[in-house]
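Student: Below you'll find the structure I mean.
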Amino acid sequence: MLVWLLHHFSSFFERFEQQFSGDSRVFLTARTAIAGMTSFLLCMVFGPLAIRWLQRRFPERIGSDSERLNQLHAAKSRTPTMGGLFVMGAVALTTLMWGDLSNVYVVLGLVTTIGFATLGAVDDWIKLSTSRNGLKAGTKMAVQIVLSIGIATTLYLQQWGQPHQWEVIWPIGNAGLCLGAAWILWAILVMVGSSNGVNLTDGLDGLASGCTIFAGSAFVVLVYLAGHRTFSEYLSIPHVVGAGELAIVIGALVGAMLGFLWFNCHPAQVFMGDTGSLPVGALLGLAALVTKQEFLLAIVGGVFVVETLSVIAQVLHFKRTKKKLLLCSPLHNHFLFAGHHEMKIVVRFWIISALLALLAVASLKIR
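300 is the number that the numbering used here gives to position 292 of the sequence shown; each next residue is one higher, with no gaps.
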């Protein structure tokens, strides 16, 4: 609604638009900040109501394959989960309020939010209402791939005729490799990998939500810069017309995660579940694909990457040697088993995530 009004009164703002919004005509900087604050307030106001509702219907069930891990997390039994419902609801509502719905990247952000959140909700619901451990891994992966195919195909067509179309760009030196139609496969890999990376990290109170705040903040900056012709030329990064509007979606994600962290910090009053972790990772992957900063995603989301690699390394090492490489995977569980306090692990991972986000943004000028 706000975007429509500003467009119709655009003549009044013509002197100021280009200075503040790059290719956007309606004060992108202010709307991004307001979107973050709006989603934060939505989570803060409706969070307690949502938590009480979730407590009655979706209490957490502690039942991993590790008996020791179950003992360490025993106190968390009956904590409400599926908190991603109100977090992703805040992101979607805020995007509808402040985003330009004629922008394809904003629409894709909404599709990603709703699509992956729905998948996560179904997985959580099966896990909590039946004796099954959620959806079968193959089914879950297949749905993620199908969702990613639709998003990747739209992005592929959107890039037609644009500079750097279908290229994967190496940050240092700006060297690009054009993949052609194979870019769709690359995009699927990025989105599915990022989605599952956040999902694997979501194992301790506040861990995934805190790391998402830092990674998301970095990508708010990246999508804003990519959508601003002057800034992108100065930094020698790909200029993507209209990409700046995606800052509304990612800004809303950061604000919602801040609000969620209020309730999710140790001892957690609510968990996000797959309902939250899957769309969070997918949105970060979308932002990386739109800005052509997939390799920077590996730095910004370094904690998610390492957590994922720790699981892969654990499985491969056990298959080869029948011995465990880590005390328990993902990596945060290894430190938990080693006797470190949960909050010490979480805060240290936050610090690493913050440093990686700063490193990624600082590297923009190294070309």
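Think of the CB as a built atom: it goes at the ideal place given N, C-alpha and C, for glycine as much as any other residue.
Put P56 into one of helix, strand or coil per three-state DSSP.
Tutor: Counted from its first residue, the sequence shown places residue 56 at position 48. Helix at P56.
Student: In angstroms, rounded to a whole number, what distance separates the CA positions of R237 and S156?
Tutor: The sequence position of residue 237 within the sequence shown is 229, counting from 1. The sequence position of residue 156 within the sequence shown is 148, counting from 1. If I take the Cα positions, the gap works out to 28 Å.
Student: Looking at I180 and the ligand SAH, is the gap between the Cβ and the nearest heavy atom below 7 Å?
Tutor: Among the components of this structure there are no ligands whatsoever, and the ligand SAH is therefore not found.
Student: Check S29 in the structure and name its three-state DSSP category.
Tutor: Here residue 29 corresponds to residue number 21 of the sequence shown, with the count starting at 1. Per-residue confidence for S29 stands at a pLDDT of 46, beneath the threshold of 50, marking its modelled position as unreliable; no derived number is given.
Student: Residues in its own chain within less than 6 Å of T102 by CB, not counting five upstream and five downstream?
Tutor: Reading the sequence shown from its first residue, position 94 is the one you call residue 102. Within the same chain, T102 has close Cβ partners A43, T46, S47 and A260.
Student: Can you tell me whether T329 is buried or exposed, with buried defined as 16 or more other CB within 10 angstroms of its CB?
Tutor: Translated into positions along the sequence shown, residue 329 becomes position 321. Classification for T329: exposed.
Student: In the DSSP assignment, the alpha helix (DSSP H) including A365 goes from what residue to what residue?
Tutor: On the sequence shown, position 357 is the one that residue 365 refers to. Its alpha helix (DSSP H) spans residues E350 to A370.
Student: In the DSSP assignment, the beta strand (DSSP E) including C186 goes from what residue to what residue?
Tutor: Counting from 1 along the sequence shown, the entry for residue 186 is found at position 178. First-last of the beta strand (DSSP E) with C186: A183 to C186.
Student: For a test of the three-state rule: what should DSSP assign to E68, helix, strand or coil?
Tutor: Within the sequence shown, numbered from 1, the residue matching residue 68 stands at position 60. Here E68 sits in coil by DSSP.
Student: On the three-state DSSP scale, how would you describe W194?
Tutor: In the sequence shown, residue 194 corresponds to position 186, counting from 1. Of the three classes helix, strand and coil, the one that applies to W194 here is helix, per DSSP.
Student: Assign V1 to one of three DSSP states: helix, strand, or coil.
Tutor: In the structure displayed, the chain extends from 9 to 375; residue 1 sits before or after that span and is not available.
Student: Quick check: M8 and L294, are their CB atoms within less than 8 Å of each other?
Tutor: Any answer about residue 8 is impossible in this case: the structure gives the chain only from 9 up to 375.
Student: So L269 and V114 are supposed to be a Cβ contact under 8 Å. How far apart are they, rounded?
Tutor: Translated into positions along the sequence shown, residue 269 becomes position 261. Translated into positions along the sequence shown, residue 114 becomes position 106. Going by Cβ atoms, the distance from L269 to V114 rounds to 25 Å, so no, they are not a contact pair.
Student: Return the bridge partner residues of P88 from the DSSP annotation.
Tutor: Residue numbering aside, residue 88 sits at position 80 when the sequence shown is read from its first letter. P88 pairs with P67.
Student: How is the alpha helix (DSSP H) around L317 delimited, first residue to last?
Tutor: Numbered from its first residue, the sequence shown carries residue 317 at position 309. Here the alpha helix (DSSP H) through L317 covers G310 to T329.
Student: Buried or exposed for H349, going by 16 or more other Cβ atoms inside 10 Å?
Tutor: For this step, residue 349 is matched to residue 341 along the sequence shown. By the 10 Å Cβ count, H349 comes out exposed.
Student: Tell me whether C51 sits in a helix, a strand or coil according to DSSP, three-state version.
Tutor: To locate residue 51, count along the sequence shown from 1; it is residue 43. Note: C51 maps to helix in three-state DSSP.
Student: Under a three-way DSSP split, which group does R237 fall into?
Tutor: Along the sequence shown, one-based indexing puts residue 237 at 229. R237: helix per DSSP, three-state reduction.
Student: I'd like to check one pair, V319 with L291: are the Cβ atoms closer than 8 Å?
Tutor: Walking along the sequence shown from the start, residue 291 turns up at place 283. Walking along the sequence shown from the start, residue 319 turns up at place 311. Contact: no.
Student: Whose C-beta lies closer than 6 Å to the C-beta of T89 among residues of the same chain, with five residues either side of it excluded?
Tutor: In the sequence shown, the residue the question calls residue 89 occupies position 81. Cβ neighbours of T89 beyond the five flanking positions: F66, E68, F279 and G281.
Student: My output table needs one value for R39: the three-state DSSP class, helix, strand or coil.
Tutor: Counted from its first residue, the sequence shown places residue 39 at position 31. Note: R39 maps to helix in three-state DSSP.
Student: Should G92 and G128 be called a contact, given that it needs their Cβ atoms to be closer than 8 Å?
Tutor: The residue you call residue 92 lines up with position 84 of the sequence shown. The residue you call residue 128 lines up with position 120 of the sequence shown. Their beta carbons are under 8 Å apart, which means G92 touches G128 by this criterion.
Student: Indicate whether K332 and Q322 have their beta-carbon atoms separated by less than 8 Å.
Tutor: Numbered from its first residue, the sequence shown carries residue 332 at position 324. Numbered from its first residue, the sequence shown carries residue 322 at position 314. Taking 8 Å as the Cβ cut-off, K332 and Q322 qualify as a contacting pair.
Student: A98 and L57 look like a contact to me (Cβ under 8 Å); what is the Cβ gap, rounded to whole Å?
Tutor: Taking the sequence shown and counting its residues from 1, one reaches residue 98 at position 90. Taking the sequence shown and counting its residues from 1, one reaches residue 57 at position 49. No, A98 and L57 are not in contact; Cβ-Cβ is about 13 Å, not under 8 Å.
Student: With a threshold of 8 Å on Cβ separation, who are the neighbours of G30 within its own chain once the five nearest residues in sequence on each side are excluded?
Tutor: Your numbering for residue 30 matches position 22 in the sequence shown. Reliability of the predicted coordinates at G30 is poor, the pLDDT of 49 falling under 50, and the value obtained from them is presented with this limitation in mind. Result list for G30: L36, Y232, G235, H236, R237, T238, F239 and G252, in chain order.
Student: Between the beta-carbon of H340 and the beta-carbon of L163, is there less than 8 Å?
Tutor: Stepping through the sequence shown from its first residue, residue 340 is reached at position 332. Stepping through the sequence shown from its first residue, residue 163 is reached at position 155. Result no, Cβ atoms of H340 and L163 do not sit closer than 8 Å.
Student: Whole angstroms is fine: what's the gap from V288's alpha carbon to F357's?
Tutor: As a first step, residue 288 must be located in the sequence shown, where it is residue number 280. As a first step, residue 357 must be located in the sequence shown, where it is residue number 349. Rounded to whole angstroms, V288 to F357 spans 17 Å at the Cα level.
Student: Taking the alpha carbon of V206 as the point to measure from, which residue in L243, V308, A195 and I122 has its own alpha carbon closest?
Tutor: As a position in the sequence shown, residue 206 is number 198, starting the count at 1. It is V308.
Student: Could you compute how far the alpha carbon of L344 sits from the alpha carbon of C336?
Tutor: To locate residue 344, count along the sequence shown from 1; it is residue 336. To locate residue 336, count along the sequence shown from 1; it is residue 328. Whole-angstrom Cα-Cα distance: 9 Å.
Student: For G211, which three-state DSSP category applies?
Tutor: In the sequence shown, the residue the question calls residue 211 occupies position 203. Reduced to three states, the DSSP call for G211 is coil.
Student: By Cβ distance below 7 Å, which residues in the same chain neighbour A100 in space, the five residues on each side in sequence not counted?
Tutor: Locating residue 100 in the sequence shown gives position 92, counting from the first residue. Around A100: L118, T121 and I122.
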